[in-house]
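Okay, structure first, notes after.
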Amino acid sequence: MRMKFEDVYVGLTAEITHTLTTEDVTRFIELTGDNNRLHTDPEFASHTTFKKPVAHGMLGASFISTLIGTKLPGDGALWFSQTLEFLLPARVGDTLTLSAEVTSKDSTNQVIDLKINITNQNHQTITRGLAKVKIIKIIEKPIAKTGRSPSHKTALVIGGSGGIGSAVCAALANAGLHVAVHYFKNATSAEATVSRLTSIGHTAISCNADITEVREVTGMMQHIEKHLGTVSVLVNCSTATIASIPFNNLTWQDVAKHLDNQIKGAFHLAHAVVPGMEKQQHGKIINIISQFLEAPPANQLPYITAKGALMGFSRALAFDLALKGIQVNMVSPSITDTDLIENIPERAKLITAARTPARRLATPQDVANAVAFLASEQSDFLCGETIRVNGGQVMI
Numbered sequence: 004m005r006m007k008f009e010d011v012y013v014g015l016t017a018e019i020t021h022t023l024t025t026e027d028v029t030r031f032i033e034l035t036g037d038n039n040r041l042h043t044d045p046e047f048a049s050h051t052t053f054k055k056p057v058a059h060g061m062l063g064a065s066f067i068s069t070l071i072g073t074k075l076p077g078d079g080a081l082w083f084s085q086t087l088e089f090l091l092p093a094r095v096g097d098t099l100t101l102s103a104e105v106t107s108k109d110s111t112n113q114v115i116d117l118k119i120n121i122t123n124q125n126h127q128t129i130t131r132g133l134a135k136v137k138i139i140k141i142i143e144k145p146i147a148k149t150g151r152s153p154s155h156k157t158a159l160v161i162g163g164s165g166g167i168g169s170a171v172c173a174a175l176a177n178a179g180l181h182v183a184v185h186y187f188k189n190a191t192s193a194e195a196t197v198s199r200l201t202s203i204g205h206t207a208i209s210c211n212a213d214i215t216e217v218r219e220v221t222g223m224m225q226h227i228e229k230h231l232g233t234v235s236v237l238v239n240c241s242t243a244t245i246a247s248i249p250f251n252n253l254t255w256q257d258v259a260k261h262l263d264n265q266i267k268g269a270f271h272l273a274h275a276v277v278p279g280m281e282k283q284q285h286g287k288i289i290n291i292i293s294q295f296l297e298a299p300p301a302n303q304l305p306y307i308t309a310k311g312a313l314m315g316f317s318r319a320l321a322f323d324l325a326l327k328g329i330q331v332n333m334v335s336p337s338i339t340d341t342d343l344i345e346n347i348p349e350r351a352k353l354i355t356a357a358r359t360p361a362r363r364l365a366t367p368q369d370v371a372n373a374v375a376f377l378a379s380e381q382s383d384f385l386c387g388e389t390i391r392v393n394g395g396q397v398m399i
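First residue of the sequence shown: 4, per my numbering; consecutive thereafter.
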């Protein structure tokens with residue numbers, strides 16, 4: 004048997020009995036080498052105050068191990084401290100009753116204190132003491148998941164109408180997920196992505212919301228759940244327009260626009276999808292950040308500040324949700340060849356490509372491949388991690 008620490012309470016008792024035999028004494032001598040004639044020679048013992056041979060005190064006390072290891076607390080018990088007082092002798096033929104009573108619990112160290120008593124058939128206490136036992140936590144083997152197969156999982160891709168977002172939608176659809184393609188203003192691009200996916204047999208719908216408005220996010224989730232079911236993968240590719248603005252020309256509104264998009268939006272989205280993921284005991288949240296956090300260019304303070312905040316948000320959320328079976332991770336691409344970087348100076352793009360060992364910019368497919376991995380079961384032990392997609396430009 005095995006008792007968990009929380010099953011043990013002060014006052015809990017257990018006992019065992021054992022009748023000492025000549026064979027017990029013989030085997031104890033063989034094991035320990037203690038052949039003291041007081042235990043083996045009736046003639047010798049007759050000239051002592053005991054008059055008859057007595058069993059080894061530790062022979063009876065050794066059954067404390069049996070009591071602890073099989074009864075209280077049982078399997079997984081680590082008996083690490085013991086005091087003993089030997090009050091009366093035990094002899095062959097005596098029936099010993101060993102009892103243990105829990106006197107205290109140490110929740111921090113998972114340790115219990117036991118009062119030990121050994122009595123004979125005449126109800127005389129022959130040995131007593133105090134034991135300390137640690138209840139070892141058993142590491143359970145991972146249980147194979149029995150949830151729905153990947154072909155029935157639903158992914159919501161925020162910013163699915165953009166260059167990276169549309170590539171992510173295709174990668175997840177190819178992995179067997181149903182895909183909700185989110186857009187804010189570009190309905191034409193979102194519908195084009197949906198058409199491409201459905202034309203080759205995938206399941207996809209478009210959905211619209213301003214992710215900074217909680218009511219719109221709620222309405223979007225109701226639409227998705229009605230048509231595709233519970234969202235088990237959330238990919239946040241959303242970002243505000245990137246503009247190169249010198250600090251002296253910045254206003255707080257420029258910064259707030261990016262913070263609202265990255266943090267307020269991510270907060271509302273997490274609140275919307277986490278309850279369903281909790282019920283499934285499985286979920287993936289993947290936020291797209293930026294290599295600019297590690298190699299910041301000039302005049303990108305609002306964008307970099309917001310992406311840095313999103314990284315902190317993602318790590319904190321990963322810690323809070325890990326025990327619920329939900330993994331939160333990030334993908335950090337370098338400058339990626341999409342329409343989003345049209346306002347970045349051409350010189351900056353060329354310098355980025357030249358500094359990259361691969362001598363090119365990242366493509367949307369490069370980013371989508373990393374996202375698809377984080378959305379899969381192969382990433383189940385990643386938590387709060389960042390996959391850098393930069394061709395080796397930044398190596399950590």
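By construction, the Cβ of each residue, glycine as well, lies at the ideal position given by its N, Cα and C atoms.
Remember, it's a predicted structure, so these values are computed and weren't measured experimentally.
So what's residue i in DSSP terms, helix, strand or just coil?
i: E297; result: coil
i: Q284; result: coil
i: P278; result: helix
i: T149; result: Interpretation of T149 is limited by its pLDDT of 46, a score under 50 that renders its predicted location unreliable; the figure taken from the coordinates is listed afterwards. It is coil, neither helix nor strand.
i: M223; result: helix
i: D323; result: helix
i: L180; result: coil
i: E228; result: helix
i: I307; result: helix
i: V57; result: coil
i: R358; result: helix
i: N290; result: strand
i: Q368; result: helix
i: H261; result: helix
i: A373; result: helix
i: K135; result: strand
i: F384; result: coil
i: Q256; result: helix
Residue i: which of the options sits nearest, CA to CA?
i: L90; options: T130, T98, D116 and E104; result: T130
i: S169; options: A178, V331, T128 and S192; result: S192
i: G279; options: K135, L237 and L117; result: L237
i: V220; options: A275, K156, I245 and E194; result: A275
i: L377; options: A178, T201 and P300; result: A178
i: T359; options: P367, D257, G394 and I139; result: G394
i: T157; options: H230, A298 and L62; result: H230
i: G132; options: I167, Q381 and L87; result: L87
i: P249; options: T29, A301 and K118; result: A301
i: H271; options: T254, P299, L313 and S379; result: L313
i: I138; options: C172, G286, E297 and I115; result: I115
i: L324; options: Q225, G286, E194 and A309; result: G286
Mind checking residue i: buried by the 16 CB within 10 Å criterion, or exposed?
i: N112; result: exposed
i: Q303; result: buried
i: R391; result: buried
i: P305; result: buried
i: V13; result: exposed
i: S337; result: buried
i: G416; result: Here the chain covers residues 4 to 399 and nothing more, so residue 416 does not appear.
i: D383; result: exposed
i: F31; result: buried
i: D369; result: buried
i: H261; result: buried
i: L200; result: buried
Just to confirm, are residue i and residue j a CB contact at a threshold of 9 Å?
i: V331; j: I288; result: yes
i: Q294; j: S335; result: yes
i: V184; j: V160; result: yes
i: I227; j: C240; result: no
i: F66; j: K135; result: no
i: T215; j: H181; result: no
i: A103; j: I71; result: yes
i: L75; j: L117; result: yes
i: V28; j: H50; result: no
i: E388; j: I329; result: no
i: A269; j: N290; result: yes
Answer yes or no: the CB of residue i versus the heavy atoms of the ligand GDP, is any distance below 8 Å?
i: T130; result: In terms of ligand content, the structure shown is empty, and the ligand GDP therefore cannot be addressed.
message: Check whether the stretch 302-320 and the stretch 187-204 are in contact - that is, three or more C-beta pairs closer than 8 Å.
response: Because the criterion of three Cβ pairs below 8 Å is not met, the stretch 302-320 and the stretch 187-204 do not touch.
Sufficient close CB pairs (3 or more, under 8 Å) joining the stretch 67-82 to the stretch 4-13: Taking 8 Å as the limit for Cβ pairs, the verdict is that the stretch 4-13 does touch the stretch 67-82.
- prompt: Does the stretch 44-54 touch the stretch 102-121, meaning 3 or more C-beta pairs lie closer than 8 Å?
  reply: Not touching, per the Cβ criterion.
query: Given 8 Å as the limit, is there contact between the stretch 12-27 and the stretch 96-103, that is, 3 or more CB pairs closer than that?
result: Yes, the stretch 12-27 touches the stretch 96-103.
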